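Residues -28 to -1, 1 to 451 in mature numbering (1 follows the signal peptide of the UniProt record, and there is no 0) are what the sequence shown spells out, letter by letter.
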Amino acid sequence: MYWSRFLSLHALWVTVSSMMQHYPSVWGHYDVCKTQIYTEEGKVWDYMACQPEARDMIKYVKVTLDPPDITCGDPPETFCAMGNPYMCNNECDASTQELAHPPELMFDLEGRHPSTFWQSTTWKDYPKPLHVNITLSWNKTIELTDNIVITFESGRPDQMILEKSLDYGRTWQPYQYYATDCLDAFHMDPKSVRDLSQHTVLEIICTEEYSTGYMTNSKIIHFEIKDRFAFFAGPRLHNMASLYGQLDTTKKLRDFFTITDLRIRLLRPATGEIYVDEQHLARYFYAISDIRVYGRCKCNLHATGCKEENKRLLCECEHNTTGPDCGKCKKNYQGRPWSPGSYLPIPKGTANICIPSISSIGNPPKFDRIWPNISSLEVSKPNQVAPKLAMSTVSSVQVANHKRANVCDNELLHCQNGGTCINNVRCQCPPAYTGILCEKLKCERDPGGCGQNSGQGAMAHRPLVLLTALLAAAGLCTW
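Laid out in structure tokens, this is it:
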């Protein structure tokens, strides 16, 4: 009895899972590179664009300070409490663990009290500038997915620049300027990320938002990644399909969120006033307790895993690709030029796999046959067999995906909800819909979201209702 019930549950789960494919979430997670599907010819691979999960990238960082001897404690020195020039009984001593403030304390686990932190020497050589460069290197291309957050224990600096490199530190570009007075420090008008738009999202700005306030609770500086994502994905990042479409088709936007290195340039410590008090220079220094950088290994949409090997991050490449970033085809799989995967069409994307070279094909095994993404095809009957296509063998797939995938067409990449495909480059959507393939209701961009009358709520709950109905029909529902 229990065995038959288990088989019934398994059958129901398979049925519901297959039907839920036609109600994809707002955007694909791209966490699977390939799956096996059944056709009239047997099992074949369905390849998809894929990427690693986002993670805390600080775990893999190498930090370098310039000048190298800028850390306090060698020789030991005293410094004043922030905001009180008369409390100068704090000591930094590199030879004593309890009094040392080495660079690794910028990256250790916080939550303890008092916080652990790296600290620079004091501004004892004033008026010579107290300049410090903190370089974070991954020796790997990283795609940022969340805000960069820096927590200061010394008060936020009066002047700072955050820079990025895309070529392992050979060249640098500014990410953002920070100052108490942008016009005076960098000859730039002050702005915040809220002043930007889709058209100006790549603009390098100077902000005063994180440099004012000398209070002990004014510690954090942000570089806003999510606010920039929101220009394309909406204020709650619900429409990630739109963001992925932009990243897929706009190289400058994609490169903006991609790094190999970050550099924090500290140019002037927190002073709390207009003039520097030359009688109490021990109150001026830099101290950082935490740096957060979240992102994923860039694998060109050809991998879901990224491993550390010999102190270096490497993509665990799929799709017959190889290299640290899956940036080339494997030997004997060079039947067409290498190409990155594509986020489009939503939600599975296009794998753009490397295919066998002409000389190495021979008699391809059954499981090497390729099936194109069919996530956008509607299936009218639950037991309908997937359509048989001419692309089912390796030798014929050489012509497939030779160019970047169309945004839409009239075969596999249908515009949804009554949209019309215009020249294979965009969908012209009905008034109530938006998105790359007209897959999103416009009301989701509104602050209140979609109400019950929008139809979106019913769509989101349809798989659950379907599962409940199937369980009830099978006599397995007990509530």
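Using N, Cα and C, we set each Cβ at its ideal position, and we do this for glycine too. Note that this is a predicted model, so its numbers are computed, not measured.
{"Query": "Which same chain residues end up closer than 6 Å to residue 401 when comparing Cβ atoms and leaving out the 5 residues on each side of it in sequence?", "Result": "391 and 410"}
{"Query": "When we look at the beta-carbon of residue 396 and count the other beta-carbons within 10 Å, is it buried (16 or more) or exposed?", "Result": "exposed"}
{"Query": "Mind checking whether residue 254 and residue 124 have CB atoms under 8 Å apart?", "Result": "no"}
{"Query": "If you follow the alpha helix (DSSP H) that residue 255 is part of, which residue opens it and which one closes it?", "Result": "Taken as a continuous stretch (DSSP letters only), residue 255 belongs to no alpha helix (DSSP H), as it is neither H nor E."}
{"Query": "Go to residue 212, then tell me how far its alpha helix (DSSP H) extends in each direction, as first and last residue.", "Result": "212 to 221"}
{"Query": "Within 10 angstroms of its Cβ, does residue 322 collect 16 or more other Cβ (buried), or is it exposed?", "Result": "buried"}
{"Query": "Of the residues 24, 171 and 179, which one's Cα is nearest the Cα of residue 202?", "Result": "171"}
{"Query": "Does the count of Cβ pairs from the stretch 240 to 254 and the stretch 124 to 135 closer than 8 Å reach three?", "Result": "yes"}
{"Query": "Looking only at its chain, what residues have a beta carbon closer than 7 Å to the beta carbon of residue 48, apart from the 5 residues adjacent to it on each side?", "Result": "63, 64 and 65"}
{"Query": "Whose C-beta lies closer than 7 Å to the C-beta of residue 29 among residues of the same chain, with five residues either side of it excluded?", "Result": "110, 114, 265, 266 and 267"}
{"Query": "Quickly, what does DSSP pair residue 8 with across the bridge? List them, please.", "Result": "17"}
{"Query": "To the nearest angstrom, how far is the alpha carbon of residue 25 from that of residue 230?", "Result": "15 Å"}
{"Query": "Can you give me the C-alpha to C-alpha distance between residue 144 and residue 106, rounded to a whole angstrom?", "Result": "13 Å"}
{"Query": "Quick check on the burial criterion: 16 or more other C-beta atoms within 10 angstroms. Buried or exposed for residue 14?", "Result": "exposed"}
{"Query": "Check each candidate in 173, 284 and 215 and name the one with the smallest Cα separation from residue 297.", "Result": "284"}
{"Query": "Do three or more CB pairs link the stretch 153 to 168 to the stretch 218 to 229 at distances below 8 Å?", "Result": "no"}
{"Query": "Put residue 165 into one of helix, strand or coil per three-state DSSP.", "Result": "helix"}
{"Query": "So, using beta-carbon positions, are residue 92 and residue 44 closer together than 8 Å?", "Result": "yes"}
{"Query": "Classify residue 234 as helix, strand or coil using the three-state DSSP reduction.", "Result": "strand"}
{"Query": "Taking the alpha-carbon positions, what's the residue 7 to residue 280 distance?", "Result": "26 Å"}
{"Query": "Look at the alpha carbon of residue 122 and the alpha carbon of residue 150, and state the distance between them as a whole number of angstroms.", "Result": "12 Å"}
{"Query": "Report, in whole angstroms, the separation of the C-beta atoms of residue 408 and residue 316, which I expect to be a contact under 8 Å.", "Result": "6 Å"}
{"Query": "In whole angstroms, what is the alpha-carbon distance linking residue 89 and residue 182?", "Result": "19 Å"}
{"Query": "In chain order, what residues of the same chain have a beta carbon less than 6 Å from the beta carbon of residue 211, not counting five sequence neighbours either side?", "Result": "205 and 412"}
{"Query": "Thinking residue 199 and residue 314 are a contact (beta carbons under 8 Å), I'd like their distance in whole angstroms, please.", "Result": "With 8 Å as the limit, residue 199 and residue 314 do not qualify as a contact, their Cβ atoms being about 26 Å apart."}
{"Query": "Distance, Cα to Cα, residue 368 vs residue 330?", "Result": "The predicted model places residue 368 with a pLDDT of 35, which falls under 50 and marks its position as unreliable; any figure quoted below should be read in that light. Distance between the alpha carbons of residue 368 and residue 330: 11 Å."}
{"Query": "Whole angstroms are fine: how far does the CA of residue 108 sit from the CA of residue 235?", "Result": "6 Å"}
{"Query": "For residue 291, count the other beta carbons within 10 Å of its own beta carbon; 16 or more makes it buried, fewer makes it exposed. Which is it?", "Result": "buried"}
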